[in-house]
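Take 547 as the starting number for the first sequence in my numbering and just add one per residue. C-beta: ideal position from N, C-alpha, C; glycine also. No experiment lies behind these values; they were computed from the predicted model shown.
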Amino acid sequence: MKYSSYFVFTSKEKPSQAYNISHSLLLRGSYILQLAAGIYNFLPLGFRVLKKVWKIIEEEMDRIGALEVLMPAIHPSDLWEKTGRWQTMDDVMFKFQDKKGTKMVLGTTHEEIITYIVSKYAKSYKNLPLLLYQIQTKFRDEIRPKGGLIRAREFIMKDLYSFHTSWECLNKTYQDVYDAYMRIFQRLSIPVEVVEAFSGPIGGDVSHEFMVITDAGEDKFVKCPNCGYAASVEVAKIGSRNIQYSYTPKENLNKIYTPDLKTIDQLVKSIGKKESDFIKSVLYKEGNEYILVLVRGDKEINEIKLSKYLGCEPVLAKEEDFEKLGSVAGFIGPINLRKKIKIIADFSVLGLKNAIIGANEKDYHYKDVDYENILIDEFADISKAIDGDLCYRCRGYYKLFPALELGHIFKLGTKYSEPLEAYFTDKDGKTKPIIMGCYGIGVSRIISAIIEAYSIENSITWTFNSSPFFIYIITVNIDDEKQFNISEKIYKDLLSENIEVLWDDRKESPGTKFKDWELLGIPLCIVVGNKINQGIVELKINSNFPKTLPMNYFDRSFYDLSLSDLITKIKQIYLDLDRKINGIMKI
RNA sequence: CGGGGUGUAGCUCAGCCCGGCUAGAGCGCUUGGUUUGGGACCAAGAAGUCGGAGGUUCGAAUCCUCUCACCCCGACCA
């Protein structure tokens, strides 16, 4: 492509709307253009990147025997009503009615539709397993879209669904997909961490998320540097410290006056103690039973873990519940409650001394309370993991990472096949529900993730398989006949070698062209300038190009090459990269 | 959905508090010229119903009311 006739409109100014680097650079490089909140145009450059990512995913899906389909984006409500998600996913669905008044929805995900398809055809164990996937637009009316492509309301997702006769078969496919995902991220040179995850409204018991560590993300996970266990904070199990507990009531309780200080945050600011000097007490209700949950002040209760531990889903208590217990919201505590209720403490409470707790009296807290002064029924792992928590496996200390989720894989079981009546006849002649798995990748989000992973202030850094072009040609002075002719020849030679090239053939000053090369993020750049009079052109290398590759080309920022060596050298680099990065294909 | 913020030229913003004359700057764009290894220079020029509606006023970008859009922080997700 020639710059002068291509669709490139770079901008020097930082867009006022963009807060994170990927959003900002995608806009500045004219990769995307916003149409509405969370809704973006992919411009020619952006679409080129999207298709690159798309292609890698397709190749890896095809390789594990998955078959590509394309399902509609518009769905009638009935299938969604059958699975109950017409209600449970209501808040993110774009719903509307057609002319006849039939309720319709723009697809948020496709479990219902794919299960419908498979239920029509796969009637025998002989037809299974089946792996079907698509790369398609999803619509989610997110409460808050964010960060450009990071969370959009219309976005491109790869969704794969697998159908099996047995859990053993599902487990095998789950592993295949896991491996395929690792190859996808390797080929895109995205450093991912795989973490155990919560399966949420998609369903299923086991799931893994593929995360990239970045502040631009919306998730958090902990990882144990000692044994490698990693899990999203929603599910991360925390080890218990080896501390004995024997209840010893405190004789004289010391009250402190804490007017209107109801939250830990307010208390910390006012009293000047650390968050971890407090014990947070939260009152839950399950049926007619009350449960008081205690957690160290710097920690949060994890309701997912709490529900799992209790085997039910307690709800937060209301104002009148506090009164019934002779307490008051904001000042509730485990000591001197009017009624004996169940008290569960998180492991983080073990060993706490001289803590501050609610006194069950408006505007008062108790101080100097030790953990053993509290009558605790049970200790359990019910808090969100934070930095420094104990690894439940090896007793190492967790590190907390901010992360962006790029992929998520689930074992669904029969959550969808039963309500949608996707049954097959097994060898034994019996009718059984199909066992399912589902596996997503945020295709458009990956684009942002690559930028977040490698890019700096004014410069994108694409990876080998994601860059819209492999090489950029700068003709320093386009009016110089010699420079022009040589540039044109190089351009044509590269095209004939099938190397994607963008030639900056504009009548602009050199600085402008160098800045554009950097902003656009293309790995290599050929500079055709004055050195041409000595028969030399320069080959420049994006200094941020992922160094994880064992390739010495990238030790230097530029090479002076004779014209005769240039194309050979570029071909050699290209083929080496291709072999090293895409070579994992050839097993 | 709660809290905070912003809408003025293609982009980034000033002007608004304290109403006043033809609404400004930089970048970008157009034309001509000079330049050409790190966002060049000179000259001339085009470009804005000040997000929208209503109101107050002799007079509104500026004050008031309503409204729309977008962004940021929190609970959900690829």
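- The continuous alpha helix (DSSP H) containing H569 extends over residues I567 to R574.
- Rounded to the nearest angstrom, the gap between the Cα atoms of E918 and H911 is 17 Å.
- Between I881 and I903, the CB-CB gap stays under 8 Å.
- Scanning its chain for C-beta atoms nearer than 8 Å, with the 5 sequence neighbours on each side dropped, one finds around V723 the residues I610, L706, S708, I955, G983 and Y985, in chain order.
- Approximately 5 Å separates the beta-carbon atoms of P1069 and F1091; this is inside 8 Å, confirming the contact.
- Between the region 1015–1033 and the region 1063–1081 there are three or more C-beta pairs closer than 8 Å, enough to call the two in contact.
- Unbroken beta strand (DSSP E) stretches of 3 residues or longer found wholly inside the region 907–938: 910–915 and 924–926, given in chain order.
- Distance from the CA of D1050 to the CA of E1034, rounded to the nearest whole angstrom, comes to 11 Å.
- With respect to the 8 Å criterion, A762 and N566 are classified as neighbours on the basis of their beta carbons.
- Apart from sequence neighbours up to five positions away, the residues of its chain that approach E1046 with a beta-carbon distance below 7 Å are F1015 and F1016, ordered along the chain.
- Within the same chain, and ignoring the five residues on either side of L862 in sequence, the residues whose Cβ sits closer than 8 Å to its Cβ are V828, L829, Y830 and K831.
- Around the beta carbon of F824, 16 or more other beta carbons lie within 10 angstroms, which makes this residue buried.
- For the options Q812, W713, V895 and D1124, the alpha carbon positioned closest to that of G785 is the one of V895.
- Every unbroken stretch of the alpha helix (DSSP H) spanning 4 or more residues and falling wholly within the region 849–908 is given here in chain order: 849–856 and 865–870.
- Taking V615 as the centre and dropping the five residues before and after it, the same chain places the C-beta of L678 and Q680 closer than 6 Å to its C-beta, in chain order.
- Distance from the CA atom of I850 to the CA atom of K646, rounded to whole angstroms, is 42 Å.
- In the DSSP assignment, N587 forms a beta bridge with L579.
- When DSSP reads this structure, T1021 sits in a beta bridge with V1074.
- Distance from the CA of D1026 to the CA of I987, rounded to the nearest whole angstrom, comes to 48 Å.
- In the DSSP annotation of this structure, the continuous segment of the beta strand (DSSP E) that includes R842 starts and ends at E835 to R842.
- If you ignore the 5 residues before and after L966, its C-beta comes within less than 8 Å of the C-beta of L625, K628, T629, E658, T661, Y662 and S665, all in its own chain and listed in chain order.
- Within the same chain, and ignoring the five residues on either side of W632 in sequence, the residues whose Cβ sits closer than 7 Å to its Cβ are S623 and W626.
- Judged by beta-carbon spacing, I578 lies within the 8 Å limit of L589, meaning their Cβ atoms are closer than that value.
- Ranked by how close their Cα comes to the Cα of Y793, the residues R1052, M617, F925 and S562 have F925 in first place.
- Out of L1040, S990 and N1088, the CA that lies nearest to the CA of S1110 is found in L1040.
- If only uninterrupted alpha helix (DSSP H) runs of at least 4 residues are considered, those enclosed by the region 712–772 are 713–733.
- Setting aside the 5 residues that flank it on each side, E688 is surrounded in the same chain by G584, V638, R697 and R699, each with a C-beta closer than 7 Å to its C-beta; the list follows chain order.
- Of the residues assessed, I996 falls on the buried side of the cut-off, its CB having 16 or more other CB atoms within 10 angstroms.
- Cβ atoms of L573 and A582 stay farther apart than 8 Å, at about 15 Å.
- If the five residues before and after L871 are omitted, its C-beta is found closer than 6 Å to the C-beta atoms of L883, R884 and K885, all from its own chain and listed in chain order.
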